[in-house]
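Here the sequence shown stands for residues 11 to 436, where the numbers follow this note's numbering. Note that CB positions come from ideal geometry on N, CA and C, so glycine has one too. Please read these numbers as outputs of a predicted model, since none were measured by experiment.
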Amino acid sequence: MSDYRLETKCLHAGYTPSKGEPCALPIYQSTTFKYDTTDEMGQLFDLKAEGYFYTRLQNPTNDAVAAKIAELEGGVAALLTSSGQAANFYAVFNICEAGDHVVAASTIYGGTFNLLAVTFKKLGIDCTFVDTDASAEEIADAFRPNTKALFAETIANPALVVLDIEKFASVAHQHGVPLIVDNTFATPINCRPFEWGADIITHSTTKYMDGHGLQVGGAIIDSGNFDWEAYGDKYHGLTQPDESYHGVVYTKQFGKKAYITKATSQLMRDLGSIPSPNNCFLLNIGLETLPLRMERHCSNAQKTAEFLASHEKVSKVIYPGLPGDKYHALAEKYLPNGSCGVISFELEGGREAAVRFMDSLELANICTHVAASKTMVLHPASHTHRQMNDEQLREAGVSPGMIRLSVGIEHIDDILADLEKALKNA
Ligand SMILES: *Cc1c(COP(=O)(O)O)cnc(C)c1O
Numbered sequence: 011m012s013d014y015r016l017e018t019k020c021l022h023a024g025y026t027p028s029k030g031e032p033c034a035l036p037i038y039q040s041t042t043f044k045y046d047t048t049d050e051m052g053q054l055f056d057l058k059a060e061g062y063f064y065t066r067l068q069n070p071t072n073d074a075v076a077a078k079i080a081e082l083e084g085g086v087a088a089l090l091t092s093s094g095q096a097a098n099f100y101a102v103f104n105i106c107e108a109g110d111h112v113v114a115a116s117t118i119y120g121g122t123f124n125l126l127a128v129t130f131k132k133l134g135i136d137c138t139f140v141d142t143d144a145s146a147e148e149i150a151d152a153f154r155p156n157t158k159a160l161f162a163e164t165i166a167n168p169a170l171v172v173l174d175i176e177k178f179a180s181v182a183h184q185h186g187v188p189l190i191v192d193n194t195f196a197t198p199i200n201c202r203p204f205e206w207g208a209d210i211i212t213h214s215t216t217k218y219m220d221g222h223g224l225q226v227g228g229a230i231i232d233s234g235n236f237d238w239e240a241y242g243d244k245y246h247g248l249t250q251p252d253e254s255y256h257g258v259v260y261t262k263q264f265g266k267k268a269y270i271t272k273a274t275s276q277l278m279r280d281l282g283s284i285p286s287p288n289n290c291f292l293l294n295i296g297l298e299t300l301p302l303r304m305e306r307h308c309s310n311a312q313k314t315a316e317f318l319a320s321h322e323k324v325s326k327v328i329y330p331g332l333p334g335d336k337y338h339a340l341a342e343k344y345l346p347n348g349s350c351g352v353i354s355f356e357l358e359g360g361r362e363a364a365v366r367f368m369d370s371l372e373l374a375n376i377c378t379h380v381a382a383s384k385t386m387v388l389h390p391a392s393h394t395h396r397q398m399n400d401e402q403l404r405e406a407g408v409s410p411g412m413i414r415l416s417v418g419i420e421h422i423d424d425i426l427a428d429l430e431k432a433l434k435n436a
């Protein structure tokens, strides 16, 4: 499978039916799996044999979809979670504990910002946020001896800041920590962060990967490239015996799959944020058409961004595909085939005009959702980023009058006509 192109992998990776087996990925809607002897099952509990016993740990439907996503990103293993939030929580918590510290780009999704700034703090894990555009030296200044990870998004939701992945990877590696990149908006179709030095990738599969707004889900993919044993004391959870699992040493027993195996057998066992097999089935259908949809999302968004940029009621358009955009050069480097379907823009009339505009749309739905087939629109200051004060909003790259438009795959003329009409009323 590894020689095939992404378009082919989206259809075929992860599940290869044998003679007489279903062509569609079967839904193993079962909590548990049967064995004939006590010993057979015991081997599984000791992590000595591979096999299914309980869906919280592994399920054939879920694993097939995880394997597909791992192939799409070029990783060695992947774990699916019940949401993108759970994926980011596990990705960090798998290598951090009380007393540790992480560094994160400030322009990240509001939910992830809260997770790192508030909830991790309660667990005794501190986070320092750095300007995504800061120099390598400035980012390095945020590191402490107890820093365990650097975190950022390929294309920040909703600020649309494009990450200089190589810059972040080099700072992370100079400090002996992995770079974790949330690749939700770019998807592996438009960017493969492992090729630029990222070590771990996360996704909210709720977005483009699903694409139809059917399921909330997440994924964590490991490149297998980070050398945990080179920093054995720092990552003792991976390199020293896990007393809660018969003293297994993940790096010794699982090599390049150590990180994902630990996340599954420890975090999933104890915290249990699994996706249902039925949701994984739905996600898999979305993945099959991901390349086609991303192409259309990007071409529609490009035309929409150009339309908005030339409209007199629009004061600012943020879209990496626009030549004047602050991140155009980075987008050309990291996202040569297109960035995503999401555009941020501001109206001349600020917050009130934004609300009037939103309420005048007919085709575009007001939804707390982005990155799906249907065109959707959201006002971050009153929705996703509501918990933030103005200062935090500014740091996250969100202004009070900003509108986040998620351009769908409808006919472009219908999208533009809807926007034109709403802009008249704004
Ligand atoms: C939506 C989103 C998340 C959170 O994912 P859920 O599936 O909603 O839990 C995390 N990161 C990014 C970039 C997102 O867009």
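(request) Could you give the DSSP three-state label for ALA159: helix, strand or coil? (result) Three-state DSSP puts ALA159 in a strand.
(request) With a threshold of 7 Å, establish whether the CB of SER93 neighbours any heavy atom of ligand 1. (result) Yes, since a heavy atom of ligand 1 falls inside the 7 Å radius drawn around the Cβ of SER93.
(request) Take THR249 and list the residues in its own chain whose beta-carbon comes closer than 6 Å to its own, dropping the five residues that flank it on each side. (result) Excluding positions up to five away in sequence, the list reads TRP238, GLU239, GLY242 and THR261.
(request) Identify every run of the beta strand (DSSP E) within the segment 226–258, keeping only runs that are complete inside it and at least 3 residues long; order them along the chain. (result) The qualifying runs are 228–232.
(message) Which of the three DSSP states is assigned to ASN375 in this structure?
(response) The answer is strand: DSSP assigns ASN375 an E or B state.
(message) Our contact map puts ALA88 next to ALA96 with C-beta atoms below 8 Å; I'd like the distance itself, whole angstroms only.
(response) Contact doesn't hold; Cβ gap of about 14 Å is too wide.
(request) Answer with buried or exposed for LEU429, where buried requires no fewer than 16 other C-beta atoms within 10 angstroms of its C-beta. (result) When all chains shown are included, LEU429 counts as buried.
(message) Please return the same chain residues whose Cβ sits closer than 7 Å to the Cβ of PHE99, not counting the five positions on each side in sequence.
(response) Listed in chain order, the non-local C-beta contacts of PHE99 below 7 Å within the same chain comprise LEU125, local neighbours out to five positions each way being set aside.
(request) Name the residue from ILE376, SER349, ASN69 and ASP232 whose alpha carbon lies nearest to the alpha carbon of ALA169. (result) Among ILE376, SER349, ASN69 and ASP232, the Cα nearest to that of ALA169 belongs to SER349.
(request) Output the distance between the C-alpha atoms of HIS338 and THR71, rounded to the nearest integer angstrom. (result) Rounded to whole angstroms, the gap between the alpha carbons of HIS338 and THR71 is 39 Å.
(message) Considering only their Cβ atoms, is the gap separating GLU163 from VAL128 smaller than 8 Å?
(response) Cβ distance not < 8 Å, so VAL128 and GLU163 don't count as in contact.
(message) My parser needs the alpha helix (DSSP H) runs of 4 or more residues fully inside the segment 162–187; what are they?
(response) Listed in chain order, the complete alpha helix (DSSP H) runs (minimum 4 residues) inside the segment 162–187 are 175–184.
(request) Within the same chain, show all residues whose beta-carbon is closer than 6 Å to that of VAL352, passing over the 5 residues directly before and after it, in chain order. (result) Cβ neighbours of VAL352 within its own chain (closer than 6 Å, five residues either side excluded): VAL380 and SER416.
(request) Could you give the DSSP three-state label for ASP151: helix, strand or coil? (result) Annotated three-state conformation of ASP151 is helix, per DSSP.
(request) Would you identify the three-state DSSP class for TYR64, choosing helix, strand or coil? (result) In the three-state DSSP reduction, TYR64 falls in the strand class (E or B).
(message) Is ASN124 a contact residue of ligand 1, with contact defined as CB to any heavy atom under 7 Å?
(response) No, since every heavy atom of ligand 1 falls outside the 7 Å radius drawn around the Cβ of ASN124.
(request) Evaluate the contact criterion for the segment 172–183 versus the segment 213–225: three or more CB pairs, one atom per stretch, below 8 Å. (result) No contact exists between the segment 172–183 and the segment 213–225.
(request) Using a threshold of 8 Å, state whether the C-beta atoms of SER40 and ILE284 are closer than that. (result) No.
(request) Excluding the 5 residues preceding and the 5 following PHE153 in the sequence, name in chain order all residues of the same chain whose CB lies nearer than 7 Å to its CB. (result) These residues qualify, in order along the chain: VAL113 and HIS185.
(message) My assumption, with CB atoms under 8 Å, is that SER325 sits in contact with GLU356. Please give the rounded CB distance.
(response) Right, the Cβ-Cβ distance comes to about 5 Å (below 8 Å), so this counts as a contact.
(request) Ignoring anything shorter than 4 residues or poking outside the segment 342–422, list the alpha helix (DSSP H) runs there in chain order. (result) Listed in chain order, they are 360–370 and 400–405.
(message) Less than 8 Å between the C-beta atoms of SER370 and ILE419, yes or no?
(response) No, the pair does not count as a contact, with Cβ atoms beyond the cut-off.
(request) Can you say whether HIS421 is buried or exposed, counting buried as having 16 or more other CB atoms within 10 angstroms of its CB? (result) HIS421 should be labelled exposed.
(message) Closer than 7 Å to a non-hydrogen atom of ligand 1 - does that hold for the CB of GLU163?
(response) Flag set: Cβ of GLU163 near ligand 1.
(message) Quick check on GLN397: buried or exposed, where buried means 16 or more other Cβ atoms within 10 Å of its Cβ?
(response) Note on GLN397: under 16 other CB atoms within 10 angstroms of its CB, so exposed under the neighbour-count rule.
(request) Give the DSSP-derived three-state secondary structure of PHE43 in the structure shown. (result) PHE43 falls in the coil class under three-state DSSP.
(request) May I ask whether a heavy atom of ligand 1 can be found less than 7 Å away from the beta carbon of TYR119? (result) Within the cutoff, so yes.
(message) Give the list of continuous beta strand (DSSP E) stretches no shorter than 3 residues that lie fully inside the segment 181–220.
(response) Correct list: 189–192 and 210–214.
(message) Could you check whether the Cβ of ASN289 sits closer than 8 Å to any Cβ belonging to chain D?
(response) Protein chain content of the structure displayed is limited to a single chain, and chain D is not contained in it.
(request) Let me know the secondary structure DSSP gives LEU332 once reduced to three states. (result) Coil at LEU332, not helix or strand.
(request) Take the Cβ of ALA208 as the centre, count every other Cβ of all protein chains shown within 10 Å, and call the residue buried at 16 or more, exposed below. (result) ALA208 comes out buried.
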